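Visitor:
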Amino acid sequence: MASIQPEKNQGANRAVFQNSLLDSALLNQINNVQRELGQTGRFLVLPEVPKDVMAALKDKRILMLDDSAEVLATWSPALITATNGYFSYLHITERFNVDLIRQAVVKLKPDLILVDYDFGRNGFLGTDLITVFRAMDSQSLAVGFSSSEQSNEQFRKSGVLFTADKANERAGLEQLKLAAEGRDRQILERILGSVLLQAMDERFDASGGREIYKDALADL
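If you're matching positions, the sequence shown starts at 873 in the numbering used here and goes up one per residue.
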């Protein structure tokens, strides 16, 4: 006679099954992107991403702009994993112009746009795109994303609040976590005003951190 599992165990088994399905879907997405970018290797397991980064980037729509297929292939596995698959990219080849990029941003509505600095032969810089994004009525946050500290400094001089180190994945992911948290705070400030947001700041503690922002946005 078959035993009946307690409801708690059934729920746990269901969660394990759902997580397994998600992992499989993410692996398929990672390998499809690798193939699109001309890579011959295949991922068998998801890359490890720090838990605090996962918490900040989960379900965030990230759009990465770069003229290097190799760079896109390097970063896409971790970003697909961290965002639960809400990652997209534009490989900025010579056929791209600023208007095509603007159209993609309107269509995809990313939360974060990772912007390379030097787009090679295309005739524009990342700082030029920042100016375009600012003129758009969008809640997307542009992040300067370069392997050169000098280039990231140029982003900051142009008014970009957040930059990330493209040459160092661990440091870059932590910087993207801060950018995601900063975007959540900016949106809440527009909605709630600075006084209410200051009251939320006072609720911060070492363990909760800026998860309060994400919880508040989810409740709106």
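The beta carbon of each residue, even a glycine, is placed where N, CA and C say it ideally should be.
Every value quoted in this text rests on a predicted model; they were computed, and no experiment measured them.
#1: If distances are taken between C-alpha atoms only, which option among 1009, 989, 1006, 1011 comes closest to residue 1036?
#2: With DSSP collapsed to three states, give me the class of residue 1035.
#3: Looking at the strands, I want to know which residues DSSP matches up with residue 959.
#4: Could you check which residue in 998, 943, 922 has the C-alpha nearest to that of residue 1022?
#5: Let me know the secondary structure DSSP gives residue 917 once reduced to three states.
#6: Once DSSP output is grouped into helix, strand and coil, what is the label at residue 1054?
#7: CA-CA distance, residue 896 and residue 1038?
#8: When you compare only the Cα positions, how much space is there between residue 889 and residue 916?
#9: Residue 936: buried (16+ other C-beta within 10 angstroms of its C-beta) or exposed?
#10: DSSP on residue 992, reduced to helix/strand/coil?
Guide: Looking at the coordinates:
#1: Looking at the Cα atoms, 989 is the closest of the given residues.
#2: Assignment of residue 1035 by DSSP, reduced to helix, strand and coil, places it in the strand class.
#3: According to DSSP, which records beta bridges pairwise, residue 959 is partnered with 934.
#4: Selected option, being the one with the closest Cα: 998.
#5: Correct three-state label for residue 917: coil.
#6: In this structure, DSSP gives residue 1054 a helical state, which the three-state scheme calls helix.
#7: So the two alpha carbons sit approximately 27 Å from each other.
#8: Caution is warranted here: a pLDDT of 48 is assigned to residue 889, below 50, making its placement in the model unreliable, and the coordinate value is therefore given only provisionally. Each residue's alpha carbon lies about 18 Å from the other.
#9: So residue 936 counts as buried.
#10: DSSP places residue 992 within a helical segment (H, G or I) once states are collapsed to three.
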